[in-house]
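These protein sequences, in sequence, are chains S and C.
Going left to right, the first sequence walks through residues 1144 to 1625 as the working numbering numbers them.
Going left to right, the second sequence walks through residues 224 to 690 as the working numbering numbers them.
Just so you know, even glycine gets a beta-carbon here, dropped at the ideal spot from N, CA and C.
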Amino acid sequence: MRIFLFLALLTTSSFSQQQSDFYIREEIPLPPGEVMEIGSIALMPEEKVAVTTRRGDLWICSGAYGDDLSKVTWKKFAYGLHEPLGMHYQDGSFLLTQRPEYSRISDRDGDGAADFFETISSGWGINGNYHEYAFGTPPDKNGDVWVVLCLTGSSKASSDSPWRGWAVRITPDGKMIPTCSGIRSPGGIGFNPEGDVFYTDNQGPWNGSSSLKWLKPGSFQGAPVGNRFHALANLPAPPEPTNKSRILTERLKFPEFIPPAVVFPHAKVGQSPTAIEADLSGGKFGPFSGQLYIGEQTHSQVQRVFLEKVNGLYQGAVFHFLDGFRSGIIPAKLDQAKGILFAGGSNRGWASRGGKAFTFERVKWSGRTPFEMLTMSANPDGFTITFTEPVDAASAANPASYTMKAWTYIHQSSYGSPEVDASVPTVKSATVSPDRKSVRLVIDGLVRGHVHHLQAPGVKSASGQVLWHPEAFYTLNEIPSK
Amino acid sequence: MILKPFLLICVLIPLAQSLLAQDGAQLYGLYCSACHGEDGKGATGGAFPPLAGSDWIEGNPERSIAIVLKGLNGPVEVSGKTYNLEMPPQGEVLGDDQISAILNYVNTSWGNSGGKVSAAMVQAARVKFAKRTEHWSAPELLKLFPLEKKETALKNLISRVYKGQWSELPDFSKLSAENVEEEHDGILDVKDSGMKDNFGMVWEGEFVAPEDGKYTFALDADDGARLLVHGRVICEVKGIGAMDGKRASRAKPKLSKGTHPIRIEYFTGKGTQALSLKWVLSGKKNWQWLSKPDTAQVRWPSIPLAPNDGRTAIYRNFIEGTTPRAIGFGFPGGLNLAYSADHLAPELLWAGKFIDAGRHWTNRGQGNQPPSAEKVITLTRERYLPAEASFKSYALDAMGNPTFNIGIGDQLFSDSWKPGTIGTLIRTLSLSGGEPVKIPLGNAEVTGAEEVTVVPGKPTTVTYRLK
């Protein structure tokens, strides 16, 4: 019996990797008695972190970087805000995307509390419907802030609430520029390392599954519900896609219809994607520099996305990443210099696996590198997978170590979509690179426009580990020609 | 020796899984558990509707099929508790066999006893509701698929109806009843009176306690009611008022298994008549109704806002009677203001309590919240400043009192508010330059004037006086 237990222990420790080996997730204590349903996070100088709450407060946290989190202190900087879901600290002020407006709030008398609340733009409509969320970015390289405006209700756009279903840019002098149409229900917005803007859209009408979408200026994102507002600014009419079609079919008809860069298959990857945060830390947060981290509200997780551009369109793969947050994750912010990810959220109105009503957490990299798929990129005849650690050549070169399924979704006005047009591409060969850090898979049966679900449970590292997360979901908008 | 059974298990598990076309438990975990909980009790300690022991699960499974296919929006009462959320429709995502597997899992787990669901039943429901594009509402569903009729715990129930106009519960022993009926359904229903206004009812019967234990009774009414067990008053809803939970009364008597004489007294004046009485056995979660279920009202937990430490309270949210870009201010001294940043004008004024944030700060926060006062004075309803005027900012002084800054061309128009002597608010208007601006005050009763003219460089003060 004793020997058996010992063997069992040995087996687990040498073959299964756990999150706590690589990433240390800790709850940051919150001010007692306060309801801290966190909607946005901003990093400040001197290791201070600001958060806003859904109830409209702005708090500043000191000590969130410290070794001893019991020493954290909080100070309320502002109250009476309207559900801010985007925040940036700049020149001593906070730039906030609130439900009714984009604003700057400041402490003019220097007493540590906000006393001046400037409206920079309030160019969009709100009418009291809870669904009319507004998520905003920090300023982009031109100083403009991007705001994505959720539809009125799950699938409506009332005439008393203009620009719902659009992304707008706000210039520093307060001009609002409607920029992209076709949005349904965003959960977050952010930049990739190149500075292009992405948002997450949630499964529902005209969204067969949730996804990460590229807000290319002038683009249409697939949901025609808010189309009519183009007339308010003399913009060209956005496309009217055919109901019960496919995204590939429709976007080939309408070149301005930009397909989702990465689809997050419903329930398999998550149910409500939120924050988008690029890793620009140059390795301070582990081996995934240059990739995107995506918050997940329902599953209380953070996913990881690798993007590449093929034929002018973004596409790429989503991998499972961090799990076990205590509430639904809404905002996330990575301190790029220090390699600390701050994440917060709430499950008010939308449940989450993490059973707390709200949470504020930080994640640090332990310095140990997990054995993971690092990237998955498309080739004319398959995919190249790179790994964080050298692979065991025998298992990685065995085509039987991999399986693949592919499918797409119906593009339709009703809620969500089943996985349709399924096929089973076959892995014909797997060639390990001389440095054993990548494998080139030759695959029969790639399908343009489909999600390609790769499972690689048989692949081992040179030291005998199996993958921490042995699957990836690649959205193959375009098959490269070379 | 150790390896053999281990290997055997490894082989058996995949086999067993492949034998089942769809694994309901696994699908439930994937698609449903985030909200309804792995244990079926509703996520986050019951913040989301439970399926375990839910009265919606029992009996006709068509109800569950319909919900899963098309979703459910708005207030719904499950096992005595009201939820106000949105369940997204799953009909487009899940196939017939997946939905039947999930529902069969739910219907047979956690002590549930729902009917068996076949893929063909799901398919039939799809056809039946093919044209439906909206989520269901709970009342719609209950009309189509009423909940299983359950015997209540009341036996030998008799009702008496009395005519009269009272401000509190009368001594019914001194009155003679207009009507006496046996109520075989064991349900306390004020509609059985056949009357609308100014009447009272008394029910007498036996409460059948299923086991020895502590029982919780919860009573509420529009207007007054009391509950007597063994001739002793244990709950009382006093006086006149709405059935909004504010006067609700609870008691926790110990009862032995068996029958106990029970008496409920009720009266109503003009307007709504309603009575709700439910009970639950200590340690259990499922409330049982003795009255008609009280599904009409959605009650938010009350979160009243008020000035704190002499600082003016602020509520930036949707306030009834003004525009969506409203900012509410609750001043020390008991006067309150709602300013419209759409109309660049103060629009509502009220005395007393400020506002209840419960509607917007719990659940999803739908709709407009009225000020916490019976009497709200509307000052103006339209924009009155020139067309080029736009909202620029608001500033707060050290006590949290606001100044609204409006740009009019190149000029700045400032509109400051602070509490004056008790029952007054002082408004100061100033203009940096340009042409004088006429400001309608909207309600001469509170200011003594119809309008003021603001001249550049000369701040103008207006006092608002409320009784």
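**OP:** Using the Cα positions of A519(C) and V1453(S), report the straight-line distance between them to the nearest angstrom.
**Re:** In the second sequence, the residue the question calls residue 519(C) occupies position 296. In the first sequence, the residue the question calls residue 1453(S) occupies position 310. Because A519(C) sits at a pLDDT of 48, beneath the cut-off of 50, its placement in the model cannot be relied upon, and the following sentence gives the value as read from the coordinates. The alpha-carbon atoms of A519(C) and V1453(S) are separated by roughly 56 angstroms.
**OP:** Report the rounded CA-to-CA distance for Q1346(S) versus S332(C), giving the unit in angstroms.
**Re:** Counting from one through the first sequence, the residue named residue 1346(S) turns up at place 203. Counting from one through the second sequence, the residue named residue 332(C) turns up at place 109. Looking at the two C-alpha atoms, the distance is approximately 28 angstroms.
Original post:
So which residues on chain C does N1270(S) lean against when the C-beta distance must stay under 7 angstroms?
Top reply: Locating residue 1270(S) in the first sequence gives position 127, where the first residue counts as 1. Ordered by position in chain C, the residues that pass the 7 angstroms Cβ test against N1270(S) are P547.
Original post:
Within this structure, are the beta carbons of E391(C) and K480(C) separated by less than 8 angstroms?
Top reply: Position 168 of the second sequence, counted from the first residue, corresponds to residue 391(C). Position 257 of the second sequence, counted from the first residue, corresponds to residue 480(C). Their beta carbons are not under 8 angstroms apart, which means E391(C) does not touch K480(C) by this criterion.
Subject >> Separation of W640(C) from R650(C), as counted between CA atoms >> reply: Taking the first residue of the second sequence as position 1, residue 650(C) is located at position 427. Taking the first residue of the second sequence as position 1, residue 640(C) is located at position 417. Taking the straight line from one Cα to the other gives about 5 angstroms.
**OP:** Take M418(C) as the anchor and find which of Q496(C), T439(C) and Y254(C) has the nearest alpha-carbon.
**Re:** Within the second sequence, residue 418(C) is the residue found at index 195, counting from 1. Ranking Q496(C), T439(C) and Y254(C) by Cα distance to M418(C) puts Q496(C) first.
Original post:
Apart from the five residues just before and just after G665(C), which ones in its own chain have a Cβ nearer than 6 angstroms to its Cβ?
Top reply: Residue 665(C) sits at position 442 when you count from the first residue of the second sequence. Cβ within range, chain order: L602 and T603.
Original post:
In whole angstroms, what is the alpha-carbon distance linking C258(C) and G265(C)?
Top reply: If you number the second sequence from 1, residue 258(C) lands on position 35. If you number the second sequence from 1, residue 265(C) lands on position 42. Cα to Cα, C258(C) sits roughly 6 angstroms from G265(C).
Original post:
Do I1332(S) and F1278(S) have their CB atoms nearer than 8 angstroms?
Top reply: Counting from 1 along the first sequence, the entry for residue 1332(S) is found at position 189. Counting from 1 along the first sequence, the entry for residue 1278(S) is found at position 135. Cβ distance < 8 angstroms, so I1332(S) and F1278(S) count as in contact.
Subject >> Residues of the stretch 1216-1242 of chain S whose Cβ lies closer than 7 angstroms to any Cβ of chain C, in chain order >> reply: Y1222, G1223, L1224 and H1225
**OP:** Can you check DSSP and say which residues form a bridge with D415(C)?
**Re:** Within the second sequence, numbered from 1, the residue matching residue 415(C) stands at position 192. DSSP lists no partner for D415(C).
Subject >> Residues of the stretch 605-631 of chain C with Cβ closer than 7 angstroms to any Cβ of chain S, in chain order >> reply: F614, K615, S616, Y617, A618 and L619
Subject >> CA nearest to the CA of T267(C), picked from N1490(S), H1593(S), G1601(S) and A1539(S) >> reply: Locating residue 267(C) in the second sequence gives position 44, where the first residue counts as 1. Among N1490(S), H1593(S), G1601(S) and A1539(S), the Cα nearest to that of T267(C) is on N1490(S).
Original post:
Exposed or buried, what is M1144(S) when buried is set at 16 or more other beta-carbons lying within 10 Å of its beta-carbon?
Top reply: Here residue 1144(S) corresponds to residue number 1 of the first sequence, with the count starting at 1. Low per-residue confidence applies at M1144(S): pLDDT is 41, beneath 50, and the placement is therefore not dependable, though the value from the model is reported in the following sentence. The residue is exposed, with fewer than 16 neighbouring Cβ atoms inside 10 Å.
Subject >> N586(C) at chain S interface by Cβ criterion, 8 angstroms >> reply: Position 363 of the second sequence, counted from the first residue, corresponds to residue 586(C). True, the Cβ-Cβ gap to chain S drops below 8 angstroms.
Subject >> Y1457(S) versus W1202(S), P1600(S), N1335(S) and V1534(S), residue with shortest Cα-Cα distance >> reply: The count along the first sequence starts at 1 and reaches residue 1457(S) at position 314. When each option's Cα is compared against that of Y1457(S), the closest is N1335(S).
Subject >> 8 angstroms contact criterion, which P1227(S) and S1183(S) should meet: CB distance rounded >> reply: Here the question's residue 1227(S) lines up with position 84 in the first sequence. Here the question's residue 1183(S) lines up with position 40 in the first sequence. Indeed, because the Cβ distance is near 5 angstroms, the residues count as touching under 8 angstroms.
**OP:** Check the Cβ-Cβ distances between Q1160(S) and every residue of chain C, and say whether any is below 8 angstroms.
**Re:** Counted from its first residue, the first sequence places residue 1160(S) at position 17. Chain C contact via Cβ: absent.
Original post:
On the premise that S1415(S) lies in contact with T1441(S), defined as a C-beta separation below 8 angstroms, what is that separation, rounded to the nearest angstrom?
Top reply: Taking the first residue of the first sequence as position 1, residue 1441(S) is located at position 298. Taking the first residue of the first sequence as position 1, residue 1415(S) is located at position 272. Going by Cβ atoms, the distance from T1441(S) to S1415(S) rounds to 4 angstroms, so yes, they are a contact pair.
Subject >> Residue-level contact to chain C via CB, N1350(S), 8 angstroms cutoff >> reply: Residue 1350(S) sits at position 207 when you count from the first residue of the first sequence. Judged by the 8 angstroms Cβ criterion, N1350(S) is not in contact with chain C.
Subject >> CA-to-CA distance, L1186(S) to V1406(S), given in whole angstroms >> reply: For the purposes of this step, residue 1406(S) is identified with residue 263 of the first sequence, where counting begins at 1. For the purposes of this step, residue 1186(S) is identified with residue 43 of the first sequence, where counting begins at 1. Their backbone Cα atoms lie some 29 angstroms apart in a straight line.
Original post:
Apart from the five residues just before and just after S1354(S), which ones in its own chain have a Cβ nearer than 8 angstroms to its Cβ?
Top reply: Position 211 of the first sequence, counting from 1, holds the residue named residue 1354(S). Within the same chain, S1354(S) has close Cβ partners T1343, D1344, P1403, A1404, V1405, V1406, F1407, P1416 and T1618.
Original post:
Count the other CB atoms within 10 Å of the CB of Q388(C); is the residue buried (16 or more) or exposed (fewer)?
Top reply: Counting from 1 along the second sequence, the entry for residue 388(C) is found at position 165. That one is exposed.
Original post:
Are I487(C) and G556(C) closer than 8 angstroms when you measure CB to CB?
Top reply: Counting from 1 along the second sequence, the entry for residue 487(C) is found at position 264. Counting from 1 along the second sequence, the entry for residue 556(C) is found at position 333. No, they are not a contact pair.
Subject >> Cross-strand partners of K366(C) (DSSP beta bridge) >> reply: Taking the first residue of the second sequence as 1, we reach residue 366(C) at position 143. DSSP lists no partner for K366(C).
**OP:** Could I get the ranges of all uninterrupted beta strand (DSSP E) runs contained in the stretch 1212-1254 of chain S, with 3 residues as the minimum, in chain order?
**Re:** 1216-1221, 1230-1233, 1236-1240 and 1245-1249
Subject >> C-alpha distance - K576(C) paired with D620(C), whole-angstrom precision >> reply: Here residue 576(C) refers to the residue found at position 353 when the second sequence is read from its first residue. Here residue 620(C) refers to the residue found at position 397 when the second sequence is read from its first residue. Each residue's Cα considered, the two are about 22 angstroms apart.
Original post:
Within this structure, are the beta carbons of K1548(S) and V1567(S) separated by less than 8 angstroms?
Top reply: Start at 1 with the first residue of the first sequence, and residue 1548(S) comes out as number 405. Start at 1 with the first residue of the first sequence, and residue 1567(S) comes out as number 424. Contact flag set, yes.
**OP:** Would you decide whether K1356(S) is buried or exposed? Buried here means 16 or more other CB atoms lie within 10 Å of its CB.
**Re:** Indexing the first sequence from 1 puts residue 1356(S) at position 213. Answer is buried; the Cβ neighbour count reaches 16.
**OP:** Mind the definition here: the stretch 334-350 of chain C touches the stretch 279-293 of chain C only if three or more C-beta pairs lie below 8 angstroms; say whether that holds.
**Re:** yes
**OP:** Just tell me which of A343(C), A561(C) and N624(C) has its CA closest to the CA of A324(C).
**Re:** By one-based count along the second sequence, residue 324(C) stands at place 101. That would be A343(C), whose Cα lies nearest to the Cα of A324(C).
**OP:** Determine the extent of the alpha helix (DSSP H) in which W584(C) is found, giving its start and end residues.
**Re:** Along the second sequence, one-based indexing puts residue 584(C) at 361. Here the alpha helix (DSSP H) through W584(C) covers G581 to W584.
Subject >> Nearest-angstrom Cβ-Cβ length linking G1559(S) and R1389(S), presumed shorter than 8 angstroms >> reply: Here residue 1559(S) is taken as the residue at index 416 of the first sequence, counted from 1. Here residue 1389(S) is taken as the residue at index 246 of the first sequence, counted from 1. Their Cβ separation, rounded to whole angstroms, is 15 angstroms, which puts G1559(S) and R1389(S) out of contact at 8 angstroms.
Subject >> Neighbour list for P312(C) in chain S, Cβ cutoff strictly below 7 angstroms >> reply: As a first step, residue 312(C) is located in the second sequence; it is residue number 89 there, counting from the start. Residues of chain S passing the Cβ test: Y1558.
Subject >> Backbone secondary structure at G325(C) - three-state DSSP >> reply: Taking the second sequence and counting its residues from 1, the one referred to as residue 325(C) is at position 102. It is Ile, not Gly, that sits at residue 325(C) in the sequence shown. Helix, per DSSP.
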